[in-house]
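Quick note: the sequence shown uses our numbering, first residue 1, plus one each step.
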Amino acid sequence: MNIQVKNIYGKTNNKKVTVSVPGSKSITARALLIAAMANGESTLYGAQFSDDCQTFLNCVKGLGIPVECDGTTVKITGCGGRLSVKEAEINVGSAGTAARFLPAFLAFQSGKFTINCSEQMKARPIAPLIKTLKALGAKFTFLEKENSYPFIIEGTSAPCNEVEVDVTESSQFLSALLISAVCANKPVKIIPRGSHGLDYVNMTLNMMWSFGVTATEEDGAYTVCGKYTAKKYDIEPDVSAASYFYAANKILGTQISVKGVLAHSMQGDINFINLLKNFDGGRVDMHAFSDQALTLAAIAPYLSKPTEIYGVAHIRKQECDRISAIVQNLTAMGVKCEEREDGVKIYPSAPKPATIKTFEDHRVAMSFAVCGLRADGIIIENAEVCSKTFKEYFTVLNGVCDELTY
Numbered sequence: 001m002n003i004q005v006k007n008i009y010g011k012t013n014n015k016k017v018t019v020s021v022p023g024s025k026s027i028t029a030r031a032l033l034i035a036a037m038a039n040g041e042s043t044l045y046g047a048q049f050s051d052d053c054q055t056f057l058n059c060v061k062g063l064g065i066p067v068e069c070d071g072t073t074v075k076i077t078g079c080g081g082r083l084s085v086k087e088a089e090i091n092v093g094s095a096g097t098a099a100r101f102l103p104a105f106l107a108f109q110s111g112k113f114t115i116n117c118s119e120q121m122k123a124r125p126i127a128p129l130i131k132t133l134k135a136l137g138a139k140f141t142f143l144e145k146e147n148s149y150p151f152i153i154e155g156t157s158a159p160c161n162e163v164e165v166d167v168t169e170s171s172q173f174l175s176a177l178l179i180s181a182v183c184a185n186k187p188v189k190i191i192p193r194g195s196h197g198l199d200y201v202n203m204t205l206n207m208m209w210s211f212g213v214t215a216t217e218e219d220g221a222y223t224v225c226g227k228y229t230a231k232k233y234d235i236e237p238d239v240s241a242a243s244y245f246y247a248a249n250k251i252l253g254t255q256i257s258v259k260g261v262l263a264h265s266m267q268g269d270i271n272f273i274n275l276l277k278n279f280d281g282g283r284v285d286m287h288a289f290s291d292q293a294l295t296l297a298a299i300a301p302y303l304s305k306p307t308e309i310y311g312v313a314h315i316r317k318q319e320c321d322r323i324s325a326i327v328q329n330l331t332a333m334g335v336k337c338e339e340r341e342d343g344v345k346i347y348p349s350a351p352k353p354a355t356i357k358t359f360e361d362h363r364v365a366m367s368f369a370v371c372g373l374r375a376d377g378i379i380i381e382n383a384e385v386c387s388k389t390f391k392e393y394f395t396v397l398n399g400v401c402d403e404l405t406y
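This is the structure in structure tokens:
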């Protein structure tokens with residue numbers, strides 16, 4: 001499905017609009033897994049059920065965890081850290097969080113589990129986590145390519161009490177281990193190696209604390225022990241989804257606000273919303289909130305000075321090579337840009353009509369749709385890919401456009 005974005009620049013009769021977005025994908029995924037490990041029944045309010053989170057939920061069910069859903073409310077009866085099943089087959093699809101978090105959980109279980117995935121996921125980085133899980137004591141049988149999905153994992157009942165993990169390619173490797181280390185029933189020390197933004201690790205630690213587990217940190221290493229306690233938990237709106245509307249404000253001069261987004265959000269992309277307040281071009285290290293590198297790139301042509309995004313080499317290994325996707329699409333719109341190994345430099349320009357190639361990446365579709373709010377003839381190819389994290393994105397965006405131009 002291709003969608004042409006409405007150019008509403010200079011046509012906004014209203015300035016103030018309030019919009020709702022789904023619950024945070026990152027918080028939903030973490031809450032699902034922590035609640036699955038807790039003792040007792042947890043109730044999660046405001047859960048997101050885009051493709052990724054639905055996939056995560058299906059995997060939790062596939063591992064024998066009782067789950068009841070009513071809209072965005074989820075009730076989960078936790079297993080107390082020990083699965084009742086000794087064998088299961090699940091499919092993480094293209095859900096990166098599920099693909100990182102669930103193997104870590106299963107590494108601490110006594111059983112043999114097959115994990116399948118989409119074609120896209122087979123190319124995404126998982127080897128550093130596998131190396132750590134092997135050191136922990138888990139065994140792997142790779143069904144296609146070594147150190148890649150799909151595979152069979154056999155957990156260990158006697159995990160090692162100290163491991164290292166390389167977080168250079170993803171901080172999710174560390175979060176995965178932190179969340180599931182409670183299943184060892186003894187203190188586990190986790191030593192991160194390499195460099196990566198830790199905002200999402202801090203989110204993980206905050207959520208673990210909310211469910212009764214405190215990870216102590218000393219000299220950059222974390223020690224985890226304890227048990228999760230079931231509770232009622234409210235999930236914040238997704239700040240990544242909200243960011244597209246705040247980016248629209250930047251280029252349209254509007255005042256769109258998103259319900260429930262607060263300045264003290266524990267989601268890393270709140271840094272992007274704060275950046276937008278005074279940013280009009282310049283160099284910016286987006287390592288810590290790299291999901292929004294695409295969004296900044298999409299609005300950069302409208303800023304008064306060149307924009308140089310750096311520190312995001314790892315986004316080349318996400319749903320697509322996102323740096324390459326930025327350059328290809330900006331070039332198609334006649335925007336001058338320069339590709340760097342770890343980012344891109346973009347010059348002020350007037351984007352021309354073009355069809356945006358989304359490369360099966362939800363964030364490419366949603367980001368460049370914002371660009372089209374101020375340019376004629378911007379068509380988003382395969383716009384349905386946004387269902388990965390925000391199924392109703394284009395419906396909501398069109399509704400906002402209608403309200404602004406009423």
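Ideal Cβ positions, reconstructed from N, Cα and C, are used throughout, including at glycine.
- According to the DSSP assignment, Gly-96 belongs to the alpha helix (DSSP H) that extends over 96-107.
- If one requires a minimum length of 3 residues, the beta strand (DSSP E) runs lying completely within the region 171-216 are 188-193, in chain order.
- Less than 8 angstroms separates the beta-carbon of Val-400 from that of Phe-245.
- Apart from sequence neighbours up to five positions away, the residues of its chain that approach Ala-293 with a beta-carbon distance below 7 angstroms are Met-286, Ile-309, Val-312, Ile-315 and Arg-322, ordered along the chain.
- Glu-169 counts as buried, since at least 16 other C-beta atoms from the protein chains shown sit within 10 angstroms of its C-beta.
- The beta-carbon separation of Leu-133 and Pro-103, rounded to 6 angstroms, stays under the 8 angstroms limit for a contact.
- Annotation for Asn-2: no beta strand (DSSP E) segment contains it, and DSSP assigns it neither H nor E.
- With fewer than 16 other Cβ atoms from the protein chains shown falling within 10 Å of its own Cβ, Ala-127 counts as exposed.
- For Thr-77, the secondary structure class from DSSP, reduced to helix, strand or coil, is strand.
- If you look at Asn-116, you'll find it in the beta strand (DSSP E) that goes 112-116.
- A straight line joining the alpha-carbon of Asn-58 with that of Ala-95 spans about 11 angstroms.
- DSSP, reduced to helix, strand and coil, places Gly-23 within a strand of the structure shown.
- In the three-state DSSP reduction, Cys-59 falls in the helix class (H, G or I).
- In the assembly as shown, His-362 is a buried residue. Its beta-carbon has 16 or more other beta-carbons within 10 Å.
- A straight line joining the alpha-carbon of Ser-367 with that of Tyr-302 spans about 14 angstroms.
- Put simply, the backbone Cα of His-196 is about 10 angstroms away from that of Phe-289.
- The Cβ atoms of Thr-18 and Lys-259 lie closer than 8 angstroms to each other.
- For Thr-295, the enclosing alpha helix (DSSP H) stretches over residues 293-299.
- For the pair Ser-180 and Leu-198, the CB atoms are not nearer than the 8 angstroms cut-off.
- Taking the Cβ atoms as the reference, Leu-373 lies roughly 7 angstroms from Ile-251, within the contact range of under 8 angstroms.
- Of all alpha-carbon atoms in Ala-29, Glu-341, Asn-39 and Thr-141, the one lying nearest the alpha-carbon of Val-182 is that of Asn-39.
- Taking a 10 Å sphere around the C-beta of Arg-283, we find fewer than 16 other C-beta atoms and assign the residue as exposed.
- According to the DSSP secondary-structure assignment, Cys-69 is paired through a beta bridge with Val-74.
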